[in-house]
Amino acid sequence: MKRDNDSTFLIAAALCIASLCIIVVSIASGQRLLNPFILDSETCRTLLAIRLPRTAVALLMGGALGASGAILQGIFRNPLADPYILGISSGASLAASFGLMFGISLFTLSVPILAFIGAIATGAAVVVLGHGWKGLQPERLLLAGVGIGFFLSAVLMLVMTISVDDGLKRAILWMSGDLSMVDWGLLHVGLLFILTGLVLALTRRKGLNALTLGDDIAYSLGFNPTRERLYLFIAASLMTAAAVSLGGVVGFIGLVVPHVVRRHIGSDATVVLPLSVVAGGTLLCFADAIGRTVAAPLELPAGVIAALIGSPYFIYLLGQRKSR
Amino acid sequence: MTTLEFANVSFAYGAQRFIEQLSFSLPEGELVGLMGPNGAGKSTILKLAAGLLSPRKGAVFLGKQMIGSYSGKERAKLVAYLPQILDLQAPFRVGELVRMGEYPQKGSRALSVDEALHIVGLQEKAKQPLAELSGGERRRAYIAMTLVQGARVLLLDEPLASLDIKYQFDLYRLLKDIVREKGVSVFISLHDIGMGTMLDRLLLVKHGQLIAQGESESVLTYDIVQDTYNLNESIGEYMTANRTVCRALAVASLQ
Chain H
11 MKRDNDSTFL IAAALCIASL CIIVVSIASG QRLLNPFILD SETCRTLLAI
61 RLPRTAVALL MGGALGASGA ILQGIFRNPL ADPYILGISS GASLAASFGL
111 MFGISLFTLS VPILAFIGAI ATGAAVVVLG HGWKGLQPER LLLAGVGIGF
161 FLSAVLMLVM TISVDDGLKR AILWMSGDLS MVDWGLLHVG LLFILTGLVL
211 ALTRRKGLNA LTLGDDIAYS LGFNPTRERL YLFIAASLMT AAAVSLGGVV
261 GFIGLVVPHV VRRHIGSDAT VVLPLSVVAG GTLLCFADAI GRTVAAPLEL
311 PAGVIAALIG SPYFIYLLGQ RKSR
Chain F
126 MTTLEFANVS FAYGAQRFIE QLSFSLPEGE LVGLMGPNGA GKSTILKLAA
176 GLLSPRKGAV FLGKQMIGSY SGKERAKLVA YLPQILDLQA PFRVGELVRM
226 GEYPQKGSRA LSVDEALHIV GLQEKAKQPL AELSGGERRR AYIAMTLVQG
276 ARVLLLDEPL ASLDIKYQFD LYRLLKDIVR EKGVSVFISL HDIGMGTMLD
326 RLLLVKHGQL IAQGESESVL TYDIVQDTYN LNESIGEYMT ANRTVCRALA
376 VASLQ
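Chains H and F, in that order, are what the protein sequence lines are.
If you use my numbering, the first sequence corresponds to residues 11 to 334, in order.
If you use my numbering, the second sequence corresponds to residues 126 to 380, in order.
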C-alpha cells in the first residue's frame, strides 16, 4: 500500500512540475515571444492584459472539465460520459449563441452570463426529468440529458441557419473553444463557481467512489445514492457551466483526461479529482499556447488542438493496455 | 447482540404482492442459507434485510431497532450487503476496492485492508485492476471489502453463482471461518442443494412465503424439496449424489 502511495505522489509531483513549465511557456508564447522574467512596461502590459488572463482561463476551464468528466463517468458508471453529454453545453451554447448572433450585448459580460444561465437552467431541467420514483437513477438521468441536449442542439442549428453572417462566425468560433476574448472581468466569477463545484465534489469523493460500484453497494456502505448523485451532479454542472461561459465549448478534455489519469494512478476519486484538474488545465493551457503560436496571427481553437494532441496519446494508452 | 428479525413482513412491487407475512430471525454467529425456486423472493428478502427496500406491512428489526431508523453510517456498521451481480466495469484496483470498506468506520474496523486481502488470498493482487481478475477472485475482493466494513451481519445474494467448485469451497470455508472466529452472522441465498446441507440453518421460500426453516437436514428432505421445486421422482438420486460430493469436499476443505 505504501509503495502505491509513493508512486501516486511521484506521478502527481511530475504532473505539477510539467504544469508549471507549461504555464511559463503559455505566458511567454504568442504572436510576440515574451520573457516573463524580464519585465519592461510593454511586457507587463501584455502580460496583465492578455497572457495571464488567457493562461488562467485555460487552466481553469481545462481543470473544471477534467474534474467534471471524472465525476460524471463515476455517477453514471459510464466511461463515455463527459460534461457535454448531459445537454449542459447545448443549453449554454444556445443561450450564448443567441447573444452573439442577435447582437445582445447589454454589457461586456452578457455572453458568458447568458451561457451560464443556459447551462444551469439545462442542468436543472435534466435533474427534474431524470428524477423517477426510485430517485435519481443514472440511466434515466443520462437519457434525460441526452434527450434535452439533442433538442437544444437542434434549436441551436435552427437559430444558426437563420442568423446574420458575422454573428454566425463568432458563434462557431465560440463553440470551438475560443479563448481569444477572455479578460479578467469574468475570471473571478468563474473561479468562484469552479472552486465551489470542486470543493463540493471533493467532500463527496467517497460517495463518488461508492456510486461507481452501483447504488446497492453504495447504500450498503452507508451512503444515500440519490443524495450523493444529486450533490455530485450539481458540482459537475457548476464547473461545466463556468467552463463553458469562460471560453466556449471545449470537447475531448472532459472525456479523455479522467481516463488517462486513472490509467496512471488508479481510480480513487481522492486523487483522480485533483489530478484531473491539474492534467485538464495543463492540457488546455498547452493546446491554447500552440493554437495561438503555430499559425500566428491566425488563432486555432484550443479545443481542436487539445483533441489533436491528446487523441494519439489516448490511443497509444489503449494499445498498451491491450498488449499487457 | 445484533440479530436480524423479520416480523410479519409483506412487500409488493407496485400492485404485485411479492412477500407475504414473512417472519423469522437470524441469530448471531450462524451461517444461514436462503433457498427457493427462481422468483421465490430470495433477492427481495435480502434487500429488505439490508434496508434497501421498505416493507409494505410488518417490520425488519436489526437488534432492537427497525432497520429504517438507523442513519446510513450506523446501519453500515451493522449490516453489509453484496448483490448477486457485481460490476464488471468497476475501474478500481483490488486494494482501492477493499479500502472502501473503511468508509463507515475508519479506525475501529474489524480488519485492516491487508488482513482482509490476506484472508481472501488476494494480497499479491492488491495493485491489479478488478477487470483483470477472474469471476471468483473478483467476488472474493468484494467480500474482502465487506469484511473490512466490519458489519455484524453479512447478506450475500448468491455468492456461489458463477464460481467453479474450487472457488465455491474456498468461499464456503471463508464464510465458516468468519462466522466461527468473528461471531458474525452470514445470510446467503443459494441454489445448490448439496451446499445447502452444509450450512448451519436454512430457510426455504416459495412465492414469497416461508415453506420451511430450521437445521438444513430437516429442511432439505425429499418431500419438501420435491414439493417446493415441483420436481419428479429422480430428485432423490440427484440429492444423494450432490450431498455426498459436497460433504466429502467440505470435510476435505475444512481439514
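By construction, the Cβ of each residue, glycine as well, lies at the ideal position given by its N, Cα and C atoms.
The structure presented is a predicted model; accordingly, all values stated were derived computationally and were not measured.
For this session: Please list the segments of the beta strand (DSSP E) lying wholly inside the segment 173 to 231 of chain F, counting only runs of 3 or more residues, in order along the chain.
Result: 182 to 187, 204 to 207
For this session: Taking only beta-carbon positions, decide if Y94/H is within less than 8 angstroms of chain F.
Result: no
Exercise. Secondary structure at F312/F, three-state DSSP: helix, strand or coil?
Worked result: strand
Exercise. By the criterion of Cβ-Cβ separation under 8 angstroms, what are the contact partners of V323/H in chain F?
Worked result: The sequence shown places Tyr at residue 323/H, rather than the Val named in the question. Neighbours of Y323/H on chain F: none; closest Cβ ~19 angstroms, over 8 angstroms.
Exercise. In angstroms, rounded to a whole number, what distance separates the CA positions of K252/F and V67/H?
Worked result: 36 angstroms
Exercise. If you draw a straight line from the C-alpha of L265/H to the C-alpha of L211/F, how long is it?
Worked result: 25 angstroms
Exercise. Which term fits L328/H, buried or exposed, when burial requires 16 or more other beta carbons within 10 angstroms of its beta carbon?
Worked result: exposed
Exercise. If contact means a Cβ-Cβ distance below 9 angstroms, which residues of the segment 220 to 248 of chain H contact chain F?
Worked result: A220, T222, L223, G224, D225, D226, I227, Y229, S230, L231, G232, F233, N234
Problem set entry | Presumed contact (8 angstroms Cβ cut-off) between G79/H and V267/H, rounded CB distance | 6 angstroms
Problem set entry | Proximal residues of chain F, C-beta to C-beta of G276/H below 9 angstroms | P216, F217, R218, G220, E221, K252, P254
Exercise. Rounded to a whole number of angstroms, what is the C-alpha to C-alpha distance between S333/H and Y326/H?
Worked result: Confidence at S333/H is low in this model, with a pLDDT of 49, below 50, so its placement is unreliable and no value can be given for it.
Problem set entry | Pairwise C-alpha distance: C295/H and I33/H | 7 angstroms
Problem set entry | Environment of L285/F [buried if 16+ CB atoms lie within 10 Å] | buried
Exercise. Any contact of the segment 276 to 291 of chain H with the segment 50 to 58 of chain H, i.e. 3+ C-beta pairs under 8 angstroms?
Worked result: no
Problem set entry | Neighbouring residues, chain A, relative to G197/F (Cβ below 9 angstroms) | Here the protein chains are H and F, and chain A is not one of them.
Exercise. Is V287/H closer than 8 angstroms to G84/H when the C-beta atoms are compared?
Worked result: no
Exercise. What does a CB cutoff of less than 7 angstroms around T169/F pick up in its chain, not counting 5 residues either side in sequence?
Worked result: F136, F143, I144, L178
Exercise. With Y267/F and L315/F assumed to form a contact (beta carbons below 8 angstroms), what rounded beta-carbon distance in angstroms separates them?
Worked result: About 17 angstroms separates the two Cβ atoms, so there is no contact after all.
Problem set entry | 8 angstroms Cβ cutoff, M381/F in contact with chain H | One cannot answer for residue 381/F here, as it falls past the ends of chain F, which runs 126 to 380.
Exercise. Does the separation of the CB atoms of A129/H and G101/H fall below 8 angstroms?
Worked result: yes
For this session: Can you say whether A154/H is buried or exposed, counting buried as having 16 or more other CB atoms within 10 angstroms of its CB?
Result: buried
Problem set entry | Any chain F beta carbon closer than 8 angstroms to R215/H | no
Exercise. Which of the three DSSP states, helix, strand or coil, is assigned to I336/F?
Worked result: strand
Exercise. Would you call the CB atoms of T206/H and S99/H closer than 8 angstroms?
Worked result: no
Exercise. Counting pairs of beta carbons, one from the segment 239 to 248 of chain F and one from the segment 195 to 209 of chain F, are three or more of them closer than 8 angstroms?
Worked result: no
Problem set entry | Where K252/F sits in the DSSP three-state scheme | coil
Exercise. Would G176/F pass as a contact of I192/F if the rule is Cβ separation under 8 angstroms?
Worked result: yes
For this session: Label S247/H either buried or exposed according to how many other C-beta atoms from any shown protein chain fall within 10 Å of its C-beta, with 16 as the threshold for buried.
Result: buried
For this session: Give the secondary structure of E283/F by DSSP, where H, G and I count as helix, E and B as strand, and everything else as coil.
Result: coil
Exercise. Can you tell me whether DSSP reads F262/H as helix, strand or coil?
Worked result: coil
For this session: Provide the residue span of the alpha helix (DSSP H) that contains Q141/F, from first to last.
Result: It is not in any alpha helix (DSSP H) - Q141/F instead sits in the beta strand (DSSP E) that spans 141 to 151.
For this session: Give me the Cα-Cα distance between D226/H and A297/H, rounded to the nearest whole angstrom.
Result: 41 angstroms
Problem set entry | Nearest to E257/F (by Cα), restricted to the options A215/F, T369/F, K172/F | A215/F
Exercise. Going along chain F, which residues have a C-beta under 8 angstroms from R272/H?
Worked result: P216
Problem set entry | Residue nearest to T171/H in terms of C-alpha spacing, selected from L283/H, L104/H, G258/H, H269/H | L104/H
Exercise. Would a C-beta distance cut-off of 8 angstroms place V304/F and G161/F closer than the cut-off?
Worked result: no
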